[in-house]
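So the structure is just underneath, and the comments pick up after that.
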Amino acid sequence: MTKINKQLELDTVFEALANKHRREIIYVLGLQPCSISYLASIRDLSLPAIHKHIKLLENANMILRKKIGRTNFLTLNRKSLRGLQDWLMQYHTYWGSDEETLENYAQYLSREITKKKTRKKEKK
Numbered sequence: 025m026t027k028i029n030k031q032l033e034l035d036t037v038f039e040a041l042a043n044k045h046r047r048e049i050i051y052v053l054g055l056q057p058c059s060i061s062y063l064a065s066i067r068d069l070s071l072p073a074i075h076k077h078i079k080l081l082e083n084a085n086m087i088l089r090k091k092i093g094r095t096n097f098l099t100l101n102r103k104s105l106r107g108l109q110d111w112l113m114q115y116h117t118y119w120g121s122d123e124e125t126l127e128n129y130a131q132y133l134s135r136e137i138t139k140k141k142t143r144k145k146e147k148k
């Protein structure tokens, strides 16, 4: 997959997770597969509303659908969440407390200022 495709896929996942109902659907499906009507009942949403949310989640490849008889069951597609996790983990090494992060940045700025002053002196 190209870098652009990965970015577009990640954008779609973020868009899908931007709504509290869809985040709750992902949470529930992470525990067990569910029918669409069950998801609508626990979120207190109408069937047309839940179908709108499900369509967005399916477009983001976050859920999979399987029809058994007349009932559609949904399950979580963990692959899309792994892409999100991979993206987040690239920043993991920079995480710490806010104080640590701010202190590290202040030290970085101090070093950069010192380097610039040294270069100016060397040019003279």
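Using the working numbering, you'd call the opening residue of the sequence shown number 25 and step up by one each time. A virtual CB, placed ideally from N, CA and C, is assigned to each residue, including glycine. Keep in mind it's a predicted model, so treat the numbers as computed, not measured.
Using a Cβ-Cβ cut-off of 7 Å (strictly less than) and excluding sequence neighbours within five positions of residue i, which residues of its own chain qualify?
{"i": "A73", "result": "none"}
{"i": "S48", "result": "Position check: residue 48 holds Glu in this sequence, whereas Ser was assumed. Taken in chain order, the residues that qualify are R67."}
{"i": "N101", "result": "N85, M86, I87, L88"}
{"i": "R46", "result": "A40, H77, L80, L81"}
What does the alpha-carbon distance come out to for the pair residue i and residue j?
{"i": "K144", "j": "S134", "result": "16 Å"}
{"i": "P57", "j": "S70", "result": "19 Å"}
{"i": "Y129", "j": "T138", "result": "14 Å"}
{"i": "A40", "j": "L98", "result": "16 Å"}
{"i": "A42", "j": "R94", "result": "30 Å"}
{"i": "V136", "j": "E127", "result": "Just to set this straight, residue 136 is Glu in the shown sequence, not Val. Cα to Cα, the separation comes out at about 14 Å."}
{"i": "K141", "j": "I28", "result": "40 Å"}
{"i": "Y115", "j": "E146", "result": "36 Å"}
Bridge partners for residue i per DSSP, in chain order?
{"i": "T138", "result": "Answer is none; T138 lacks a bridge partner."}
{"i": "N96", "result": "K91"}
By Cβ distance, which residues of its chain are closer than 8 Å to residue i, with the 5 residues on each side in sequence left out?
{"i": "V52", "result": "C58, L63, I66"}
For the ligand SAM, is there any heavy atom lying closer than 7 Å to the beta carbon of residue i?
{"i": "K140", "result": "Ligands are entirely absent from the displayed structure, and the ligand SAM is therefore not among its contents."}
Could you check what DSSP says for residue i in three-state terms: helix, strand or coil?
{"i": "N29", "result": "helix"}
{"i": "S61", "result": "helix"}
{"i": "S104", "result": "helix"}
{"i": "A73", "result": "helix"}
Taking a contact to mean a Cβ-Cβ separation below 8 Å, would you say residue i touches residue j in this structure?
{"i": "I92", "j": "I78", "result": "no"}
{"i": "L108", "j": "V37", "result": "yes"}
Grab me the residues of residue i's own chain with a C-beta within less than 6 Å of its C-beta, minus the 5 sequence neighbours each way, in chain order.
{"i": "K90", "result": "F97"}
Could you check whether the Cβ of residue i sits closer than 8 Å to any Cβ belonging to chain B?
{"i": "R102", "result": "Here there is only one protein chain, and chain B is not present."}
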